[in-house]
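Below is one structure, written out as structure tokens, with a few remarks after it.
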Amino acid sequence: MKDLLRVADLAASDLRFLVELGKRFKSDPVRRGDELLHQTAVLYFNKPSTRTRISMCTAVARLGGVPLTVGPNELQLGRGETIEDTAQVVSRYAKLFVIRTFADEDVRRFAAAASIPVVNALTDGHHPCQALADVMTLEEHCGPIEHLKVAYVGDGNNVCHSLMEAVVMLGGTVAVATPEGYAPDPEVVATTRALAAESGGRLELGADPRAAVADAHAVYTDTWVSMGDPEEEHARRVEVFAPFQVNASLMRGARPDARMMHCLPDHRGEEVTADVVDGPQSVVFDQAENRLHTAVGLFHALLTGRLEGR
Ligand code: CP
Ligand code: NVA
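If you count by the numbering used here, then the sequence shown holds residues 17 to 326, one letter each, in order.
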């Protein structure tokens with residue numbers, strides 16, 4: 017397996033390997049790899065990023081390499097050079113290509129044309145690198161994933177999709193509660209159900225946040241307006257999503273020791289209240305930290321050809 021484009025492309029054993037690598041690199045943060053010694057990694061961001069950009073640049077440095085971050089207007093891509101030509105040219109220089117953009121199809125085209133590993137650093141459909149950190153954080157705080165129920169409350173978006181695929185692939189349960197019209201993509205639902213049939217995991221879908229969080233070990237939410245969603249929908253979304261806010265009352269419906277999770281950036285007073293995200297149940301900064309350790313593990317695994325894929 018050359019690339020990581022979505023979680024469901026991984027074999028369950030690959031996902032387990034990546035999570036364990038993340039834990040190992042966390043416990044040995046001074047380890048210096050040489051997988052990228054005297055080499056470059058190109059990180060292309062067509063949307064803003066704090067965590068992904070900085071953690072992945074740091075991960076490249078930890079493996080001995082030099083990260084080159086570029087935006088759309090800095091490449092000829094912004095003036096019409098094709099994805100295929102760009103991918104082939106970058107493959108002649110760099111050892112790794114990381115891409116955050118809108119269409120999943122564009123990332124697939126990059127990966128197909130590139131001879132180096134391509135990593136999806138967030139698309140409209142998926143955020144696989146976030147899911148690696150999420151599974152690692154869940155296990156650190158709550159124990160083995162196959163015994164856990166994770167509630168996802170809010171928009172059935174890219175973060176939700178990758179969380180569903182990852183938790184269910186490893187045999188856990190995900191209960192998703194979304195307002196009508198904001199459910200996860202039917203293709204991702206079908207894929208997750210197929211993963212559940214293999215792993216013994218479970219996917220529950222509904223529109224009742226209280227039912228989703230009942231007996232949950234973790235309650236996860238994300239922004240109600242993702243990058244690329246029309247900003248003019250903001251006011252309407254705030255109304256539609258209001259009953260899905262993760263607040264102290266909703267958290268009381270989960271297990272007493274439940275953790276609160278968010279990929280960040282969050283919007284206090286919208287999808288989560290300040291008392292919850294800043295409170296003792298929140299593990300959002302551990303998630304953010306684990307983005308670094310799982311990125312080191314992922315790059316190491318891809319550069320050393322350690323992933324099988326399906
Ligand atoms: N969680 C996450 O991907 O954050 P950034 O958008 O800051 O990279
Ligand atoms: N769903 C959000 C995640 C940001 C990290 C977005 O796509 O904007």
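Using N, Cα and C, we set each Cβ at its ideal position, and we do this for glycine too.
Computed from a predicted model, the values in this text were never measured in an experiment.
In terms of residues, what are the limits of the beta strand (DSSP E) holding Leu-59? The residue labelled residue 59 in the question sits at position 43 within the sequence shown. First-last of the beta strand (DSSP E) with Leu-59: 56-61.
Would you check whether the ligand CP has a heavy atom nearer than 8 Å to the C-beta of Cys-279? Against the sequence shown, residue 279 aligns to sequence position 263. Indeed, a heavy atom of the ligand CP lies less than 8 Å from the Cβ.
Assign Ile-115 to one of three DSSP states: helix, strand, or coil. Translated into the one-based positions of the sequence shown, residue 115 becomes position 99. Assignment of Ile-115 by DSSP, reduced to helix, strand and coil, places it in the strand class.
For Arg-275, which of Asp-282, Asp-302, Phe-257 and Glu-249 has the nearest alpha-carbon? On the sequence shown, position 259 is the one that residue 275 refers to. Proximity to Arg-275 across Asp-282, Asp-302, Phe-257 and Glu-249 peaks at Asp-302, based on C-alpha coordinates.
By DSSP, does Tyr-236 sit in helix, in strand, or in coil? The sequence position of residue 236 within the sequence shown is 220, counting from 1. Residue state, collapsed to three classes: strand.
Can you check whether the CB of Asp-101 is closer than 9 Å to the CB of Lys-165? Counting from 1 along the sequence shown, the entry for residue 165 is found at position 149. Counting from 1 along the sequence shown, the entry for residue 101 is found at position 85. In this structure, Asp-101 does not lie closer than 9 Å to Lys-165 by Cβ.
Under a Cβ-count criterion, where at least 16 other Cβ atoms within 10 Å of its own Cβ denotes burial, should His-250 be classed as buried or exposed? Along the sequence shown, one-based indexing puts residue 250 at 234. Only exposed fits His-250, as fewer than 16 other CB atoms lie within 10 angstroms of its CB.
Going by DSSP in three states, Leu-283 sits in which element: helix, strand or coil? In the sequence shown, counting from the first residue as 1, residue 283 sits at position 267. Looking at the sequence shown, residue 283 is not Leu but His. Coil, per DSSP.
Is Pro-195 near the ligand CP, in the sense that its beta carbon is under 8 Å from a heavy atom of that ligand? One-based indexing of the sequence shown puts residue 195 at position 179. Outside the cutoff, so no.
Return yes when the C-beta of His-309 is under 8 Å from any heavy atom of the ligand CP, and no when it is not. As a first step, residue 309 must be located in the sequence shown, where it is residue number 293. The answer is no for His-309.
Which whole-angstrom value describes the C-beta separation of Cys-158 and Ala-234, a residue pair presumed to lie in contact below a C-beta threshold of 8 Å? As a first step, residue 158 is located in the sequence shown; it is residue number 142 there, counting from the start. As a first step, residue 234 is located in the sequence shown; it is residue number 218 there, counting from the start. Rounded, the Cβ-Cβ distance is 6 Å, consistent with contact.
Sorted by chain position, which residues of the same chain lie with C-beta nearer than 8 Å to Glu-97's C-beta, five sequence neighbours on each side aside? Translated into positions along the sequence shown, residue 97 becomes position 81. If we look at Glu-97 and ignore the five residues flanking it on each side, its Cβ neighbours are Leu-91.
Considering only the beta carbon of each residue, do Tyr-199 and Gly-216 sit closer than 9 Å? As a first step, residue 199 must be located in the sequence shown, where it is residue number 183. As a first step, residue 216 must be located in the sequence shown, where it is residue number 200. Here residue 199 turns out to be Ala, not Tyr, going by the sequence shown. Contact check for Ala-199 against Gly-216 fails: the beta carbons are separated by 9 Å or more.
Return the Cβ separation of Pro-144 and Arg-22 in integer angstroms, given the expectation that the two are a contact with Cβ distance under 8 Å. Numbered from 1 along the sequence shown, position 128 holds the residue referred to as residue 144. Numbered from 1 along the sequence shown, position 6 holds the residue referred to as residue 22. Rounded to the nearest angstrom, the Cβ distance from Pro-144 to Arg-22 is 5 Å, consistent with a contact under 8 Å.
Rounded C-alpha distance that separates Ala-128 from Thr-139: The residue you call residue 128 lines up with position 112 of the sequence shown. The residue you call residue 139 lines up with position 123 of the sequence shown. The alpha-carbon atoms of Ala-128 and Thr-139 are separated by roughly 16 Å.
For Leu-84, name the three-state secondary structure that DSSP assigns. Numbered from its first residue, the sequence shown carries residue 84 at position 68. Correct three-state label for Leu-84: strand.
Using only CA atoms, which one of Val-82, Ala-264 and Thr-68 lies nearest to Glu-51? Along the sequence shown, one-based indexing puts residue 51 at 35. Closest by alpha carbon: Val-82.
Quick check: what's the CA-CA separation for Arg-268 versus Leu-59? Counting from one through the sequence shown, the residue named residue 268 turns up at place 252. Counting from one through the sequence shown, the residue named residue 59 turns up at place 43. Whole-angstrom Cα-Cα distance: 41 Å.
beta-carbon His-143 near the ligand NVA non-hydrogen atom, thresh 8 Å: Stepping through the sequence shown from its first residue, residue 143 is reached at position 127. His-143 Cβ: within cutoff of the ligand NVA.
Give me whichever residues DSSP pairs with Ala-167 in a beta bridge. For the purposes of this step, residue 167 is identified with residue 151 of the sequence shown, where counting begins at 1. Paired residue(s): Ala-191 and Val-235.
Using the Cβ count rule (16 or more neighbours within 10 Å means buried), how would you classify Glu-287? Here residue 287 is taken as the residue at index 271 of the sequence shown, counted from 1. With 16 or more Cβ atoms within 10 Å of its Cβ, Glu-287 is classed as buried.
Starting from Asn-89, trace the beta strand (DSSP E) both ways and give me its first and last residue. Locating residue 89 in the sequence shown gives position 73, where the first residue counts as 1. Asn-89 -> no beta strand (DSSP E), and no H or E assigned at all.
Can you tell which of His-163, Pro-202, Glu-155 and Glu-156 has the C-alpha that lies nearest to the C-alpha of Cys-176? Residue mapping note: residue 176 aligns to position 160 of the sequence shown, counting from 1. When each option's Cα is compared against that of Cys-176, the closest is Pro-202.
Give a yes or no on whether the C-beta atoms belonging to Gly-188 and Leu-154 are separated by under 9 Å. The residue given as residue 188 occupies position 172 in the sequence shown. The residue given as residue 154 occupies position 138 in the sequence shown. Note that the C-beta distance between Gly-188 and Leu-154 is below 9 Å.
Three-state secondary structure assigned by DSSP to Glu-196: Along the sequence shown, one-based indexing puts residue 196 at 180. Note: Glu-196 maps to coil in three-state DSSP.
Could you check where the alpha helix (DSSP H) with Leu-31 kicks off and where it finishes? To locate residue 31, count along the sequence shown from 1; it is residue 15. Annotation for Leu-31: the continuous alpha helix (DSSP H) segment containing it runs 28-43.
Is Ser-65 close to the ligand CP? I mean its beta-carbon at under 8 Å from any heavy atom of the ligand. In the sequence shown, the residue the question calls residue 65 occupies position 49. Answer for Ser-65: yes, Cβ within range of the ligand CP.
Excluding sequence positions up to five away, which residues of its chain have a Cβ less than 6 Å from the Cβ of Val-35? Position 19 of the sequence shown, counted from the start, is the residue given in the question as residue 35. The beta carbon of Val-35 is closer than 6 Å to those of Val-151 and Met-152 in its chain, skipping five residues each way along the sequence.
So Gly-325 packs on Ala-27, CB below 8 Å; how close in whole Å? Position 309 of the sequence shown, counted from the first residue, corresponds to residue 325. Position 11 of the sequence shown, counted from the first residue, corresponds to residue 27. Right, the Cβ-Cβ distance comes to about 6 Å (below 8 Å), so this counts as a contact.
Under a three-way DSSP split, which group does His-142 fall into? Position 126 of the sequence shown holds residue 142. His-142 falls in the coil class under three-state DSSP.
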